[in-house]
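> Numbering (this note's numbering), first residue to last: 6 to 328. Please find one structure pasted underneath; my questions will follow.
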Amino acid sequence: MKIIFAGTPHFAASALAALLKEHQVAAVLTQPDRPSGRGMQLTPSPVKQLALQYGLVVLQPTTLKTEEAQHAIAVLDADVMVVAAYGLILPKAVLQLPRYGCLNIHASLLPRWRGAAPIPRAILAGDSETGITIMQMDEGLDTGDILLRRACTIAPDDTAQTLHDRLAGIGADCILEALRLLQESGLAGMSPTGGNSQNRLTPVKQDNEAACYAAKLLKSEAQIDWRQDARQIERAVRAFNPFPVCHADFNGVTIKIWQAALQESAQGEAGRILAADKQGITVACGKGALRLEVLQRPGGKAQPAVQFLQAVPVKVGDNFSVS
6 MKIIFAGTPH
16 FAASALAALL
26 KEHQVAAVLT
36 QPDRPSGRGM
46 QLTPSPVKQL
56 ALQYGLVVLQ
66 PTTLKTEEAQ
76 HAIAVLDADV
86 MVVAAYGLIL
96 PKAVLQLPRY
106 GCLNIHASLL
116 PRWRGAAPIP
126 RAILAGDSET
136 GITIMQMDEG
146 LDTGDILLRR
156 ACTIAPDDTA
166 QTLHDRLAGI
176 GADCILEALR
186 LLQESGLAGM
196 SPTGGNSQNR
206 LTPVKQDNEA
216 ACYAAKLLKS
226 EAQIDWRQDA
236 RQIERAVRAF
246 NPFPVCHADF
256 NGVTIKIWQA
266 ALQESAQGEA
276 GRILAADKQG
286 ITVACGKGAL
296 RLEVLQRPGG
306 KAQPAVQFLQ
316 AVPVKVGDNF
326 SVS
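Dropping the structure here:
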């Protein structure tokens, strides 16, 4: 099939790499280069870097609402546009340009977790599973018909990074399957009765009442409030790894927390250090306690607690700031 691919981060690059093995990618849409690194040099997105390796046409409009951008897409005469974490709104005019419309690879089991940050929000909420949804895009925010879904268990030790990597692979497999079914049947031949029959994609309407919104992550959310339940804080540590990374103030210094473990039987005043040894730094929470196992000082690297304690004087009875 002749495909236009629209995506920006590593999650999208995994799908593009899979598509390149089986389909003709006429062009790639991705976000404009952004400043990155200590030198804040303009850096191409992971999708652009991969596209350039394969000599693909790369388009980087700041909006798809202009006639110029829409014309550039129209002349490609694509069968379908595949969208994965692109970052720009697709107006109705663009959604209607490809022969079979636009298919989105979304990292949740829609209608749960529509929006920008479905992976960390699922971990933060304590969900036991998530997955990939291939959706026929419409003008709403992740509101289009569901074409295909694949579930994925969220492990107790999953971080946003490990879950992201697993879902990226599942997403790549799912879009290949969806396009295979599309080739064999065509969207015009899809059954309206629901359920996937052999060699057929079946659009299923979303239950809007069951939908919830995965808001973009804010750095302020990663500030630990030790008055919370230890279980909720532990989820936050995993959900905000690798961004924005949970942090807490200790003696006026902001410490990042990369890994922690529940100590539910331990009790104490919220923020009070109950133990500090090679296993970690145990801090009392509103309910239970949390053992901090991998920490990072300002200007330093993330390191196991045993190394952290060699550089930072921490003793039992000390306190992290409560909020």
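Using N, Cα and C, we set each Cβ at its ideal position, and we do this for glycine too. Here the structure is a predicted model, which is why all the values come from computation and not from measurement.
Please state whether DSSP places D234 in a helix, a strand or coil.
Of the three classes helix, strand and coil, the one that applies to D234 here is strand, per DSSP.
> Suppose only complete runs of 3+ residues qualify. What are the beta strand (DSSP E) ranges in the segment 111–155, listed by chain order?
Within the segment 111–155, the complete beta strand (DSSP E) runs of at least 3 residues are 134–141.
> Quick one: is K320 buried, meaning 16 or more other Cβ sit within 10 Å of its Cβ, or exposed?
K320 is exposed by the Cβ-count criterion.
> Going along the chain, which residues of its own chain have a beta-carbon closer than 7 Å to the beta-carbon of A122, five neighbours each way excluded?
Counting only Cβ-Cβ distances below 7 Å, and skipping sequence neighbours, we find A219, A220, K221, L222.
> Would you list the residues sitting across from D282 in a DSSP beta bridge?
Partner(s): G285.
> CB L52 to CB T35, shorter than 8 Å?
Going by the sequence as given, residue 52 is Val instead of Leu. Against a cut-off of 8 Å, the Cβ pair of T35 and V52 comes out as a contact.
> Leaving out five residues on either side along the sequence, give the residues of the same chain with a beta carbon under 7 Å from the beta carbon of Y59.
Counting only Cβ-Cβ distances below 7 Å, and skipping sequence neighbours, we find L25.
> Note down the Cα distance separating S190 from L206, rounded to an integer number of angstroms.
If I take the Cα positions, the gap works out to 7 Å.
> Alpha carbon to alpha carbon, how far is P208 from H111?
C-alpha separation (whole angstroms): 15 Å.
> Throw me the rounded Cβ distance for the L267 and L300 pair, which I believe falls under 8 Å.
Incorrect: roughly 17 Å between the Cβ atoms, too far for contact.
> Which whole-angstrom value is the C-beta distance of L129 and R240, which I expect to be below 8 Å?
Sure, about 5 Å apart at Cβ, within 8 Å.
> Have a look at P318 and D254 and give me their C-alpha separation to the nearest angstrom.
Roughly 14 Å separates the two Cα atoms.
> So, at 8 Å on beta carbons, what are the nonlocal neighbours of H252 in its own chain, with the 5 sequence-adjacent residues on each side left out?
Same-chain partners within the cutoff: A227, Q228, I229, T259, I260, K261, I262.
> Got a sec? Which residues, its chain only, sit under 6 Å from A28 by beta carbon, not counting five neighbours each side?
The question names Ala, but residue 28 is His in the sequence shown. M6, I8, listed in sequence order.
> State buried or exposed for D147, treating a residue as buried only when at least 16 other CB atoms are found within 10 Å of its CB.
D147 should be labelled buried.
> Given this structure, state the Cα-to-Cα distance separating H169 from Q237, to the nearest angstrom.
If you take the alpha carbons of H169 and Q237, they lie about 20 Å apart.
> Does the Cβ of Q141 have 16 or more other Cβ atoms within 10 Å, making it buried, or fewer, making it exposed?
Buried: at least 16 other Cβ atoms inside 10 Å.
> If you compare alpha carbons, which of V63, Q166, A280 is closest to V311?
Nearest option by C-alpha distance: A280.
> If I180 sits next to V63, beta carbons under 8 Å apart, how far is it from one beta carbon to the other, in whole angstroms?
Between V63 and I180 the Cβ distance is about 20 Å, and since that is not below 8 Å, they are no contact.
> Would L267 pass as an interface residue toward chain B - the criterion being a Cβ-Cβ separation below 8 Å?
Of the protein chains in the structure, only one exists, and it is not chain B.
> Does DSSP put E72 in a helix, a strand or coil?
E72: helix per DSSP, three-state reduction.
> Please check the pair G136 and C157, which I expect to be a contact at CB under 8 Å, by giving their CB distance rounded to whole angstroms.
Yes, they are in contact, since the Cβ atoms of G136 and C157 sit about 5 Å apart, within 8 Å.
> With distances taken between CB atoms, is the gap from A79 to L100 smaller than 8 Å?
Not closer than 8 Å, so no.
> Using C-beta distances below 6 Å, list every residue in its chain close to T164, excluding the 5 sequence neighbours before and after it, in chain order.
Answer for T164: R243, N246, listed in chain order.
> For G92, which residues in the same chain have their Cβ closer than 7 Å to its Cβ, ignoring the five residues on either side in sequence?
Only T13, Q36 meet the Cβ criterion.
> Tell me which same chain residues have a C-beta within less than 7 Å of the C-beta of I159, skipping the five on either side of it?
Closer than 7 Å at Cβ, skipping near neighbours: A127, I128, D132, S133, E134, T135, L168.
> Mark F325 as exposed unless 16 or more other C-beta atoms lie within 10 angstroms of its C-beta, in which case mark it buried.
By the neighbour-count rule (16 or more Cβ atoms within 10 Å), F325 is buried.
> Work out the CA separation of I139 and S120 for me, nearest whole Å.
The question names Ser, but residue 120 in the sequence shown is Gly. G120 and I139: Cα-Cα distance of roughly 14 Å.
> Would you kindly work out how many angstroms separate the C-alpha atoms of G194 and S270, rounded to a whole number?
Reliability of the predicted coordinates at G194 is poor, the pLDDT of 47 falling under 50, and the value obtained from them is presented with this limitation in mind. About 58 Å.
> Report the rounded CA-to-CA distance for S196 versus D212, giving the unit in angstroms.
In this prediction, S196 has a pLDDT of 39, which is less than 50 and means its spatial position is unreliable; what the coordinates show is noted afterwards. Spanning the two alpha carbons is a distance of roughly 18 Å.
> To the nearest angstrom, report how far apart L297 and D282 are at their CA atoms.
L297 and D282: Cα-Cα distance of roughly 10 Å.
> Whose C-beta lies closer than 7 Å to the C-beta of Q233 among residues of the same chain, with five residues either side of it excluded?
The answer, listed in chain order, is C290, G291.
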